[in-house]
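Just add 41 to wherever you are in the sequence shown, counting from 1, and you've got the numbering used here. Notes for the one structure printed next.
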Amino acid sequence: MDQPTPATDVVSDPREQGSAFAESSIEQLRRHRCRPERNLEIGGLVDQFRREAGRARRGAGTFLDAWEAVVPPEIAASTRVRGIRGGVARVGVLDAATSYDLDQRLRNGLLAELRLAFQAPLRRVKLEIDGSLTRD
42 MDQPTPATDV VSDPREQGSA FAESSIEQLR RHRCRPERNL EIGGLVDQFR REAGRARRGA
102 GTFLDAWEAV VPPEIAASTR VRGIRGGVAR VGVLDAATSY DLDQRLRNGL LAELRLAFQA
162 PLRRVKLEID GSLTRD
């Protein structure tokens, strides 16, 4: 009875073995040398934009909620939250007097209250005079 022999990939001629190695090396070099095909579909870009916008909206939205809950309404009426990035919230204020008043309140405990209400890293609140805000 003939027994099936296991197939082996052993090359008996050393020259054939060297040429097989050279072929695989060349193929590997070709794969690394050629630039990959660019994905020209817009779907990936749209998804990335949605992720980034959602992340920014979540951060600014929750800070805006905390701002409205903690800051007194008479001061909040003359401010506008511009955004938050890296733990620094940017807030536009109507004029220098409002900026001074809000700065004093932030130093006297309002910043600590904001940190508790925001529940995310908040290093500081940067106040900027915003000319587009108007008095009612």
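All residues carry an ideal CB built from backbone N, CA and C; glycine is no exception. These numbers were taken from a predicted model, which means no experiment stands behind them.
### V79 - DSSP class collapsed to helix/strand/coil
Counted from its first residue, the sequence shown places residue 79 at position 38. The identity of residue 79 in the sequence shown is Arg, whereas the question assumes Val. If DSSP states are grouped into helix, strand and coil, R79 belongs with coil.
### Spatial neighbours of S65 in its chain, beta-carbon cut-off 7 angstroms, leaving aside the 5 residues before and after
Position 24 of the sequence shown holds residue 65. Counting only Cβ-Cβ distances below 7 angstroms, and skipping sequence neighbours, we find nothing.
### Nearest residue (CA-CA) to A130, options R121, G150, F90, R72
For the purposes of this step, residue 130 is taken as residue 89 along the sequence shown, with counting starting at 1. Comparing Cα positions, the closest option is R121.
### Task
Confirm, please, whether the CB-CB distance from L174 to L163 is below 9 angstroms.
Working through the sequence shown from its first residue, we reach residue 163 at position 122. Working through the sequence shown from its first residue, we reach residue 174 at position 133. Cβ atoms of L163 and L174: not closer than 9 angstroms.
### Task
Give every residue of the same chain whose Cβ lies closer than 6 angstroms to the Cβ of T139, excluding the five residues on either side of it in the sequence, and list them in chain order.
On the sequence shown, residue 139 is found 98 positions in, with the first residue counted as 1. For T139, where only same-chain residues beyond five positions count, the Cβ hits under 6 angstroms are S119.
### Nearest residue (CA-CA) to R146, options A117, G127, F159, G128
Looking up residue 146 in the sequence shown gives position 105. Closest option to R146, Cα to Cα, is A117.
### Query
Span of the alpha helix (DSSP H) holding T139?
On the sequence shown, residue 139 is found 98 positions in, with the first residue counted as 1. 137-146 is the span of the alpha helix (DSSP H), which, as asked, contains T139.
### Message
Against chain C, with Cβ distances strictly below 9 angstroms, would I116 count as a contact?
### Response
Among the chains of the structure shown, chain C does not appear; only one protein chain is present.
### Task
Report the three-state DSSP secondary structure of A84 (helix, strand or coil).
Locating residue 84 in the sequence shown gives position 43, where the first residue counts as 1. Here the sequence assigns Gly to residue 84, which means Ala is not the residue at that position. Helix at G84.
### Query
Are the Cβ atoms of V166 and V132 separated by less than 9 angstroms?
Indexing the sequence shown from 1 puts residue 166 at position 125. Indexing the sequence shown from 1 puts residue 132 at position 91. For V166 and V132, yes; Cβs fall inside 9 angstroms.
### Environment of L70 [buried if 16+ CB atoms lie within 10 Å]
In the sequence shown, residue 70 corresponds to position 29, counting from 1. The residue is exposed, with fewer than 16 neighbouring Cβ atoms inside 10 Å.
### Query
What residues are listed by DSSP as bridge partners for E93?
To locate residue 93, count along the sequence shown from 1; it is residue 52. According to DSSP, which records beta bridges pairwise, E93 is partnered with nothing at all.
### Query
Straight-line CA distance for E109 to R79?
In the sequence shown, residue 109 corresponds to position 68, counting from 1. In the sequence shown, residue 79 corresponds to position 38, counting from 1. If you take the alpha carbons of E109 and R79, they lie about 46 angstroms apart.
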